[in-house]
């Protein structure tokens, strides 16, 4: 299962922990790192059992689950920039007066009002999640939508795509199979996204690529590799250094 699938299908408790337990491994929901059970892992002269080592990984590589989640696109979190800033400061343990002084807004009572609004948002979210869980049990006509990739940059109707639609695009634009060439880069944004979902799988998530290496992979997909590279970055599948010297798959 793709890490995006694991991420979106995880329960609130699993997301809070940042990892899920499978039969033989623990899997990080934030990057896909796997830690095998039954092995003792050394780190800084200390030995750790697998689950504890996974927790160390999350702290070392991601800072915390909170910092990872709040760093996601605001289309995914549903937070305004202002709410994002407030939550970061709340998490850091700042009191209302300190936050008011740092953000230079209103008064301490203004911060308390923001806390109330966020608490209201939490209550609404809980009710909505419960209703959606109950709906799943009764709605036999709901289409099977593909999950968003976690680094999606423009979350709108173009992500409204089902598994069946994805398969249709793959058959149309990759007639020799998903490992074959792309016969044409589609004009419709939804179809572009569907083809990019296929193309990104040709890259190793654990590897850092030089621009020339990225181009070589993409040339085997489509002649206009520059366009593919641009869209992979634009849609949040690939990231790169500012000077374009190194590229990697965004996790």
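Numbering (the numbering used here), first residue to last: 7 to 257. We put the CB at the ideal spot given by N, CA and C, even for glycine.
Its Cα nearest to that of residue 76, the residue 95 stands out among 163, 95 and 151.
By a beta-carbon distance limit of 8 Å, residue 63 contacts residue 41. Their separation comes to about 7 Å. Remark: C-beta atoms of residue 24 and residue 12 do not approach each other more closely than 7 Å. When the five nearest sequence neighbours on each side are left out, no beta carbon in the same chain lies closer than 6 Å to the beta carbon of residue 216. Going by beta carbons, residue 184 and residue 176 fall inside the 7 Å limit. The stretch 92-106 makes no contact with the stretch 50-59; the number of CB pairs closer than 8 Å stays below 3. In the DSSP assignment, residue 246 falls outside any alpha helix (DSSP H) and within the unbroken beta strand (DSSP E) covering 244-246.
Of 209, 187 and 92, the smallest CA-CA separation from residue 255 is found for 209. Annotation for residue 40: no alpha helix (DSSP H) segment contains it, though the beta strand (DSSP E) segment containing it runs 40-42.
Counting the other Cβ atoms within 10 Å of the Cβ of residue 235 gives 16 or more, which makes it buried. Of 66, 37, 39 and 38, the smallest CA-CA separation from residue 50 is found for 66. Contact between the stretch 161-169 and the stretch 123-137 is absent, with fewer than three C-beta pairs closer than 8 Å. The C-alpha of residue 30 lies about 24 Å from the C-alpha of residue 207. The DSSP assignment places complete alpha helix (DSSP H) segments of no fewer than 4 residues inside the stretch 58-97 at 71-76, 80-83 and 87-97, in order along the chain.
DSSP places residue 31 in the uninterrupted beta strand (DSSP E) bounded by 31-34. Contact annotation: residue 190 and residue 37 have beta-carbon atoms that are not nearer than 7 Å. Between residue 246 and residue 237, the CB-CB gap reaches or exceeds 7 Å.
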